[in-house]
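The sequence shown maps to residues 1 to 1081 in full-length UniProt numbering. Backbone N, C-alpha and C define an ideal beta-carbon position, used for all residues, glycine too. Read through the structure below, which is laid out as structure tokens, and then see the notes.
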Amino acid sequence: MCREIGPDRVLCNICEHEFCSDCWEHWPLHTDLGRGSQVHEKTSLGLSNKVCNSLRPRRTLDEEDSLHRADHVTTWFGVSRADGQQDSDATFMDHGRYAQLMAEYPPSTRTRLYPSLVSFVGQTGAGKSSLIHLLISLNNPQNIALQTPVVGSAFAGNQPTSGDVHLYKDPRSSTDGSLKPILYADCEGLNGGDANPRCHSAVEESSTESLRYHLFSVAKIVRTKIWAGTNKPTTRQYIVTNLYSRILYTFSDTIVFVLENSRTIENVTEMLLKWADTAIERSTNNPSLPHAIIVLNKTETAIPDEDWDQLKTTNFLFESMDRSLHTLDKFKPYLQKWERPGRTLNTKGLLQCYYTTVQAIRIPNQAAGIGRPNKVDAQVSALYRQIGLNGAQAQRKKLRSRMLLNADQFDPYLQFAFKHFSSPAGLEKPFDFVQASFLNSPISNTFGDQIVKVGRHLKTFHPTMEFGEILNTLSPFIASCIMLDATRNGRVGNANVILPQYVEHCRNAIEGVNLDWPCSFPGCVNRRSGHSLGHQNSNGQLIGISAPTDGDTGLGNFQEGSTSYQNPTNERSFLMKLEQDLANLLNRRSDSGIFLAPEVYDLHKSEVRLFYEQHGGNRGALAFQDNVCCVLCLMGAAVHPLACGHVICEGCLTNYGTQVEGDGNYITRIDECPMHSHLPWQAPLIIRAIPKEAGVRLLALDGGGVRGILQLVALKHLERHLGERIPIQSFFDLIVGTSVGGIIAAGLVSKAWSVTECRERFESLCGQSFKLRVIHKLVPIPGMQVLFDRFDTYALESSLKEAFGPFEFLFGGRPTSFQKRFDTKIALTSYSSVGGPYVFGNYNRTQTEAHSTKYNFMRPPHPQQELKTWEAARATCAAPTWFSGYFHRGTQRTFLDGGLYTNNPIGIVDEERKFLWSGHTIDAAVSLGTGHNPLLAEIAEQNQGSTGFRDQLQNFILNQMERLGSVYRIAKVAYDHIENSLDSERTWKHYYQDLDDSRKAKSFRLNPLLPAPIPELHEVDKMEELADLADKYWKEPIRKAELCNLARKLLASCFYFHRISGQIQPGGEYEIRGTVQILHS
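As structure tokens, then:
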């Protein structure tokens, strides 16, 4: 052994001693004579430590239990039973782990992030957790502290180490700007029986950690009773085999089967077939079958070097099995399912009926010394490369099928699948990706994709139409849309000149309709893009297959009788007909097509009405609605809701509305919906735009529980300074509110309440909503709201429905009143554990790559997915520990209080202003708070030092929650009303200090000073006292002057100069002629 310390020191994997380069060669056991059959390899110390920690960790029982308790936060989904009793009802639980991992990325990135799921399954003790530990450790060169599975040890005996399904993030693909992160799912062992896993025992043995486990309720974990009302067993092993397998098989790009004993090849094959067969018929329209990788773990290290080759290992498995595949009874059911006359399957062919590809990789064991870390590193690297290749291939296939889901879209599909597979229907009916896609449509808003949507509707109303018929039926309508767009943009020429500019969109539409087209094979429910398995009936059963050709990954080409998948003549004939239809329309115009001719608009209107009336069934044009894209022209963003429920774009409003003379041409009147005439409106719709010469007025309303009464008092005082003749709502163009601020914004604008009426309704709503639940009356211990919602959620929802109506939509839909009183735009903030912060608006706007935000703007494409006004109010005030999170069925998302992102939405109102009126100046920006006291920080610090029993218990609960990371933050924000108030002031300070002097002069923070102790956010009995304090505050001379200054600016903002002409006068002066206009007409 070497006694010198140098930079080139290495470790011998057999001798377990360190050597320098010179001493290595002279060590007796490293000579040819002393080496024997063992392989002595130079191994870096860092690699050796990583491999040993992953394969053979050295730790005490207490240390292992501590690791299990820390690892509990990585649980993705699993089973829970009341009091841990195995004979009690089993409840499926989603612990929100996926959402937690994706929340680490900003919202603007998540829309471009495409995670790849890799699931590790196998028998108990095969080494699944060790393998994931190796993949994470060896791909972590910086040795950053990362969450890794707890590797099994001798302490557990025959008891399974891991329980349920845990989720881990791969470090290499999750850094360096990668947009395709790999996620590792560690599934409970397949043959673990019904014994409680070691990780669960470690948690249950600790009262502290047991409490911490129950604190997950703060995050509003999805809970569903498994297979309720059926006689199916709910033992652990049955659930692992029949529930977990279906979820993982459905969503994984790669399944890694980890096996310890590779000598019984038939058992390897049987496990792969049995596991997949349980899940394969439980989904339809699946765009891609998973890839399979067989890991022959703990392989003897002394095998020849060539036997480590991946291809040779794979061929060895297949060839060994081919000799006995057709002679063993255990494989006959699978062969009978897939073989047909003239089609005999070998092992590879049979496995590829269930998996896109099948590969095998050996991982060495740890025999003498420390084993062969270098070989472990090489083989794990090969495994990682194969996982990457599989993920890329799977994502390409999903992209071609238009079913590639980004990070935000992925979770709603999971939630849909969780509920489906754990429900009684999930035992019999397959999970349908197409049905789920209607809730989470990944279609973009281009012209081509809008054609696909219309094609979907057309097929719904005409189910017997063939593909070519659909295209021919769409052609006149599409030609009319092209004519309208060409005319709007001054594109001149005949059809053969204009059409080429739209051909690419039309080809994309043909491909989209083709992929979305139902299969014509008798009884098959799959779309053409969903045949990764084969033809399936409504029960998911296979009813038709074809033999895979050599080199084909999957089942390949499906014959559908007389209809083939790809029909080039369809595209050619469609484009020829489209050109002819466009030529016919252009020939009917009386102008040259250069100007925005009214006859073009009338001609398009007649074509649209004819198409929708013929193909919309009993509902006519109302059957075609979209809240994202305009279904009148298929080109623009839907921004103007009409009285009938349709939403049209800015261009269509200009084309089909009438500008009101004398008002600066910014007020438009529209008398009817251009898409139909059988639903006359009670009155014309007046839509006011903000003239380009005018500035915009912004208002941000903080959250603050019952202290929202302070905002209404301030608004009433401001209204008095404005003369009280014009409602305060008319002085603002955009109002954004968080929590109670959102409720007030919705009341003032959506319901057109006066400030006085809004105050009366707000007081009533608070009185009905803040009703303490019985358990808190019986057990009034600080911190109990962490475990149980403090107030009655049902009472809150009932009062919101009563206030805002149960059916009125925040955006779109058929309004109860055909004439809006206010054109003010409003937005409410919320927070989702899946997608992060959200904003709901009564308006629509588009987002570009050049201008992205840290929050998501919610605008579902389907009107039935829209939030009603009461739902948006419910979502914005769903404060954790106070009320349950609000689950919105339309979008399959659970929303929490907007204060979790920002209690003061001044930054959001400024961002939204940039989307809506980027070229306008700001005349006034007002941030309205819910009270503060500069001494609160000092008070909070004093409270933290309290040593009373009640304070100790509260701090104990919050300290346990702090170990939950994001869950702690969710509870802490709602728990601490002092922090809530301070956060709003910090937000304003950061916003204000970044403004230039001209903007600062137009920016106002109105937040009354309150004496300590400040009332808590739920103290309804303090509302009158708060109102009196605010009333006195705003009557103080300095405060009156502040409001007068703001009122003058708001009054001045109602006027603008409308330019008519401008010219240079003799002498060099520039003369501008125009009129002074007023916004309130």
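Which whole-angstrom value is the C-beta distance of L317 and I265, which I expect to be below 8 Å? In the sequence shown, counting from the first residue as 1, residue 317 sits at position 317. In the sequence shown, counting from the first residue as 1, residue 265 sits at position 265. Right, their Cβ atoms sit about 6 Å apart.
Uninterrupted beta strand (DSSP E) stretches inside the region 640 to 715 (no shorter than 3 residues): 667 to 670, 685 to 688, 696 to 701
Please return the same chain residues whose Cβ sits closer than 7 Å to the Cβ of K1000, not counting the five positions on each side in sequence. Here the question's residue 1000 lines up with position 1000 in the sequence shown. Within the same chain, K1000 has close Cβ partners Y992.
Does DSSP classify T254 as helix, strand or coil? As a working mapping, residue 254 is identified with position 254 in the sequence shown. Three-state result, T254: strand.
Alpha carbon of E1016 to alpha carbon of V706, nearest angstrom: For the purposes of this step, residue 1016 is taken as the residue at position 1016 of the sequence shown. For the purposes of this step, residue 706 is taken as the residue at position 706 of the sequence shown. Approximately 8 Å, taken between the alpha carbons.
Integer Cβ distance of H717 from L1043, believed to fall under 8 Å: On the sequence shown, position 717 is the one that residue 717 refers to. On the sequence shown, position 1043 is the one that residue 1043 refers to. Between L1043 and H717 the Cβ distance is about 6 Å, and since that is below 8 Å, they are a contact.
Under 9 Å between the Cβ atoms of H183 and R112? For this step, residue 183 is matched to residue 183 along the sequence shown. For this step, residue 112 is matched to residue 112 along the sequence shown. A small fix is needed here, since residue 183 is Leu in this sequence, not His. No, they are not a contact pair.
First through last residue of the alpha helix (DSSP H) which encompasses I908: Along the sequence shown, read from residue 1 onward, the residue named residue 908 stands at position 908. Element bounds for I908: 906 to 916.
For C766 and T881, what's the separation of their Cα atoms in angstroms? On the sequence shown, residue 766 is found 766 positions in, with the first residue counted as 1. On the sequence shown, residue 881 is found 881 positions in, with the first residue counted as 1. Straight-line Cα distance between these residues: approximately 17 Å.
To the nearest angstrom, how far is it from the Cα of V10 to the Cα of C199? Sequence index remark: in the sequence shown, residue 10 carries index 10 (1-based). Sequence index remark: in the sequence shown, residue 199 carries index 199 (1-based). Between V10 and C199, the C-alpha separation is close to 36 Å.
Of all the options K397, L722, I14, N627, which has the alpha carbon lying nearest to the alpha carbon of A302? By one-based count along the sequence shown, residue 302 stands at place 302. For A302, the nearest C-alpha among the options comes from I14.
Cα-Cα separation between A1027 and D897, rounded to whole angstroms: Residue mapping note: residue 1027 aligns to position 1027 of the sequence shown, counting from 1. Residue mapping note: residue 897 aligns to position 897 of the sequence shown, counting from 1. For A1027 and D897, the distance between alpha carbons rounds to 24 Å.
Run of the alpha helix (DSSP H) containing V608, from where it starts to where it stops: Working through the sequence shown from its first residue, we reach residue 608 at position 608. Element bounds for V608: 598 to 615.
State buried or exposed for F873, treating a residue as buried only when at least 16 other CB atoms are found within 10 Å of its CB. Reading the sequence shown from its first residue, position 873 is the one you call residue 873. Per the sequence shown, residue 873 should be read as Ala rather than Phe. Label assigned to A873: buried.
Just tell me which of K459, N489, H505 has its CA closest to the CA of I478. Within the sequence shown, residue 478 is the residue found at index 478, counting from 1. Looking at the Cα atoms, H505 is the closest of the given residues.
Using a Cβ-Cβ cutoff of less than 8 Å, which residues in the same chain neighbour R1059 once the five nearest sequence positions on both sides are dropped? As a first step, residue 1059 must be located in the sequence shown, where it is residue number 1059. Closer than 8 Å at Cβ, skipping near neighbours: E693, I1072, R1073, G1074.
With 16 other CB atoms within 10 Å as the buried threshold, where does K825 fall? Taking the sequence shown and counting its residues from 1, the one referred to as residue 825 is at position 825. Classification for K825: buried.
For A486, which residues from the same chain have a beta carbon less than 6 Å from its beta carbon, with the 5 sequence-adjacent residues on both sides left out? Locating residue 486 in the sequence shown gives position 486, counting from the first residue. So the list reads I498, once near-sequence residues are dropped.
Cutoff 7 Å; reference W76; Cβ partners in own chain excluding five residues on either side: As a working mapping, residue 76 is identified with position 76 in the sequence shown. Only H95, R97, Y98, V165, H166, L167, A185 meet the Cβ criterion.
A276 versus D307, K298, T356, residue with shortest Cα-Cα distance: Residue numbering aside, residue 276 sits at position 276 when the sequence shown is read from its first letter. Considering only alpha carbons, the answer is T356.
Can you give the Cα-Cα distance for residue 1084 and D1031, rounded to whole angstroms? No answer is possible for residue 1084: the residues shown for the chain start at 1 and end at 1081.
Among N231, C52, P106, A683, whose alpha-carbon lies nearest the alpha-carbon of V151? Working through the sequence shown from its first residue, we reach residue 151 at position 151. The candidate whose alpha carbon is nearest that of V151 is C52.
What are the complete alpha helix (DSSP H) segments, minimum 4 residues, inside the region 836 to 892? 869 to 876
Considering only their Cβ atoms, is the gap separating M675 from L632 smaller than 9 Å? By 1-based counting over the sequence shown, the position of residue 632 is 632. By 1-based counting over the sequence shown, the position of residue 675 is 675. Contact: yes.
L117 versus V256: straight-line alpha-carbon distance, rounded: Walking along the sequence shown from the start, residue 117 turns up at place 117. Walking along the sequence shown from the start, residue 256 turns up at place 256. Their backbone Cα atoms lie some 11 Å apart in a straight line.
To which residues does DSSP link H932 through a beta bridge? On the sequence shown, residue 932 is found 932 positions in, with the first residue counted as 1. L1009.
Going by beta-carbon coordinates alone, are I735 and L701 separated by less than 9 Å? The residue labelled residue 735 in the question sits at position 735 within the sequence shown. The residue labelled residue 701 in the question sits at position 701 within the sequence shown. The answer is yes: Cβ separation under 9 Å.
Beta-carbon proximity list for G695, same chain, < 7 Å, skipping 5 on both sides: Numbered from its first residue, the sequence shown carries residue 695 at position 695. Same-chain partners within the cutoff: H920, T921, I922, D923, S1053.
Considering only residues of the same chain and omitting the five flanking positions on each side of S799, which have a CB-CB separation below 6 Å? As a position in the sequence shown, residue 799 is number 799, starting the count at 1. For S799, where only same-chain residues beyond five positions count, the Cβ hits under 6 Å are L765, Q768, S769.
Taking 6 Å as the limit between beta carbons, can you name the residues of its chain near S1061, skipping five residues before and five after? By one-based count along the sequence shown, residue 1061 stands at place 1061. R1073.
Please name the residue in D910, Q310, G899, K50 whose C-alpha comes closest to that of T930. If you number the sequence shown from 1, residue 930 lands on position 930. The residue with the shortest Cα to Cα distance from T930 is G899.
Residues of its chain near F92, where Cβ-Cβ distance is below 6 Å and the 5 sequence neighbours each way are ignored: Residue 92 sits at position 92 when you count from the first residue of the sequence shown. Counting only Cβ-Cβ distances below 6 Å, and skipping sequence neighbours, we find T224, I226, S422.
Tell me where the alpha helix (DSSP H) around I478 begins and ends. As a position in the sequence shown, residue 478 is number 478, starting the count at 1. Per DSSP, I478 belongs to the alpha helix (DSSP H) from 467 to 488.
Going by beta-carbon coordinates alone, are G688 and T668 separated by less than 9 Å? On the sequence shown, residue 688 is found 688 positions in, with the first residue counted as 1. On the sequence shown, residue 668 is found 668 positions in, with the first residue counted as 1. It is worth fixing the name first, because residue 688 is Arg in this sequence and not Gly. Their beta carbons are under 9 Å apart, which means R688 touches T668 by this criterion.
Taking A360 as the reference, which of L259, G636, A228, V376 has the closest Cα? Position 360 of the sequence shown, counted from the first residue, corresponds to residue 360. The option with the nearest alpha carbon to A360 is L259.
Can you say whether A228 is buried or exposed, counting buried as having 16 or more other CB atoms within 10 angstroms of its CB? Against the sequence shown, residue 228 aligns to sequence position 228. Exposed is the call here.
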